[in-house]
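Okay, so here's the structure we're looking at.
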Amino acid sequence: ETGVTQSPTHLIKTRGQQVTLRCSSQSGHNTVSWYQQALGQGPQFIFQYYREEENGRGNFPPRFSGLQFPNYSSELNVNALELDDSALYLCASSDPRQGVHEQFFGPGTRLTVL
Amino acid sequence: QQQVKQSPQSLIVQKGGISIINCAYENTAFDYFPWYQQFPGKGPALLIAIRPDVSEKKEGRFTISFNKSAKQFSLHIMDSQPGDSATYFCAARKPGNQFYFGTGTSLTVIP
């Protein structure tokens, strides 16, 4: 059983650019959630994908968007990057079908916006 | 608006001592309360979790105490070890599997 993987590990962008982050969910997990973790803060829920549809969204603007693919992997896209978007972006997968609420986190992508 | 409030922000404990971290919430729709441990450069890892119909859950040296009427829950780490030094997050789940995290507690266990 493979865990949650994310790519890239680190990324440096400039203000105004666009970025795509990728996540492969744990084997068999059909739900993927994305979080933004600013330095010294707890993860903030961005949105969740279930069966390729957005299934809940936190307080983030529309320039944060995502996709989920048939194999349950997911992408997070951020347009018009701002300095405050610098953070660790975490992906977590879960399988509510199993009746277990536990979610498993990947190691994250560290995004720096200059 | 922070849906889960966590304290203290940092904690220093002697080896063998008890570490206590507290969290509070307002939303009564929350139905699952996990604690996560995070080491630098890593994603959070589930430590222990509790449902609101249980007042206490113990797993090894880790215990969650849950007070539903006060909407508070806490993590107790008994016999704290230097290897427990990490950042701890409480969280709460809304139906739909959406999780809300506290701001974290940086624990340092001194040998």
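Listed in order, the protein sequences are those of chains E and Y. Note that the numbering used here has the first sequence beginning at 103, numbered continuously upward. Note that the numbering used here has the second sequence beginning at 3, numbered continuously upward. Ideal Cβ placement from N, Cα and C applies to all residues, glycine included.
So residue i contacts chain E; which residues on that side make the cut at Cβ distance below 9 angstroms?
i                      : result
tyrosine 90 of chain Y : Residues of chain E passing the Cβ test: none, with the nearest at roughly 10 angstroms.
lysine 44 of chain Y   : Phe207, Pro209 and Gly210
glycine 62 of chain Y  : Correct list: empty, because the minimum Cβ distance to chain E is about 17 angstroms.
For the beta strand (DSSP E) that contains residue i, what are its first and last residues?
i                            : result
histidine 78 of chain Y      : 74-79
alanine 31 of chain Y        : First-last for alanine 31 of chain Y: undefined, no H or E at that position.
leucine 183 of chain E       : From DSSP, leucine 183 of chain E is part of no beta strand (DSSP E); its letter is neither H nor E.
glycine 168 of chain E       : 166-170
alanine 189 of chain E       : 189-196
arginine 124 of chain E      : 121-126
glutamine 217 of chain E     : Coverage of chain E is limited to positions 103 through 216, which leaves residue 217 of chain E absent and any answer about it impossible.
glutamate 156 of chain E     : 155-159
threonine 214 of chain E     : 211-215
isoleucine 95 of chain Y     : Reading the sequence as shown, one finds arginine at residue 95 of chain Y and not isoleucine. Per DSSP, arginine 95 of chain Y belongs to the beta strand (DSSP E) from 88-96.
lysine 59 of chain Y         : 58-61
asparagine 24 of chain Y     : 21-27
lysine 115 of chain E        : 112-115
glutamine 8 of chain Y       : 6-9
valine 172 of chain Y        : Within the shown structure, residues of chain Y are numbered from 3 to 113, placing residue 172 of chain Y beyond reach of any answer.
phenylalanine 103 of chain Y : 100-103
phenylalanine 64 of chain Y  : 64-69
glutamine 108 of chain E     : 107-109
Beta carbon of residue i, beta carbon of residue j: below 8 angstroms?
i                            : j                            : result
alanine 94 of chain Y        : tyrosine 27 of chain Y       : yes
glycine 45 of chain Y        : glycine 210 of chain E       : yes
tyrosine 191 of chain E      : leucine 123 of chain E       : yes
arginine 117 of chain E      : asparagine 132 of chain E    : no
phenylalanine 147 of chain E : glycine 168 of chain E       : no
alanine 47 of chain Y        : phenylalanine 162 of chain E : no
Note down, in chain order, every chain Y residue with its Cβ under 7 angstroms from the Cβ of residue i.
i                        : result
threonine 211 of chain E : The premise fails here: threonine 211 of chain E is roughly 10 angstroms from chain Y at the closest Cβ pair, so nothing lies under 7 angstroms.
leucine 192 of chain E   : Gly45
For residue i, which of the options has the nearest alpha-carbon?
i                        : options                                   : result
glutamate 204 of chain E : E/Tyr174, E/Arg124, E/Ser135 and E/Gln170 : E/Ser135
tyrosine 137 of chain E  : E/Ser129, E/His131, E/Cys125 and E/Gly130 : E/Cys125
glycine 158 of chain E   : Y/Ala31, Y/Gln100 and Y/Ile20             : Y/Gln100
threonine 89 of chain Y  : Y/Ile50, Y/Thr110 and Y/Phe35             : Y/Thr110
cysteine 193 of chain E  : E/Asp187, E/Gln150 and E/Val180           : E/Gln150
lysine 115 of chain E    : E/Glu156, E/Gly160 and E/Asn181           : E/Asn181
glutamine 83 of chain Y  : Y/Val15, Y/Ser9 and Y/Ile66               : Y/Val15
asparagine 29 of chain Y : Y/Ile112, Y/Phe91 and Y/Pro97             : Y/Pro97
proline 198 of chain E   : E/Gln128, E/Gly160, E/His112 and E/Thr107 : E/Gln128
leucine 216 of chain E   : E/Pro172, E/Pro164, E/Pro163 and E/Gln120 : E/Gln120
asparagine 24 of chain Y : Y/Phe32, Y/Pro36, Y/Lys17 and Y/Ala31     : Y/Pro36
glutamine 7 of chain Y   : Y/Asp81, Y/Lys60 and Y/Phe91              : In the sequence as presented, glutamine is not what sits at residue 7 of chain Y; that position holds lysine. The shortest Cα separation from lysine 7 of chain Y among Y/Asp81, Y/Lys60 and Y/Phe91 belongs to Y/Phe91.
lysine 70 of chain Y     : Y/Ala31, Y/Ile20, Y/Ser87 and Y/Leu13     : Y/Ala31
Quick one: which chain E residues come within Cβ less than 8 angstroms of residue i?
i                      : result
alanine 184 of chain Y : Look at the range of chain Y in this structure, 3 to 113, and you will see that residue 184 of chain Y is not part of it.
tyrosine 1 of chain Y  : In this structure chain Y extends from 3 to 113, so residue 1 of chain Y is not present and cannot be described.
glycine 106 of chain Y : Gly142, Gln143 and Gly144
List the residues of chain Y that residue i touches, going by C-beta distances under 9 angstroms, in chain order.
i                     : result
serine 196 of chain E : Asn99
For residue i, go through chain Y and note every residue whose CB falls closer than 8 angstroms to its CB, in chain order.
i                        : result
glutamate 204 of chain E : Pro36, Leu48 and Ala51
> Residues in the segment 12-23 of chain Y with C-beta within 7 angstroms of chain E's C-beta atoms, listed in sequence order?
Replying inline: none
> Between the segment 127-143 of chain E and chain Y, which residues of the former have a C-beta closer than 9 angstroms to a C-beta of the latter?
Replying inline: Thr133, Ser135, Tyr137, Gln139, Gly142 and Gln143
>> Closer than 7 angstroms between beta carbons: that is the criterion. Which residues of the segment 148-177 of chain E meet it against chain Y?
In response: Gln150, Asn157 and Gly158
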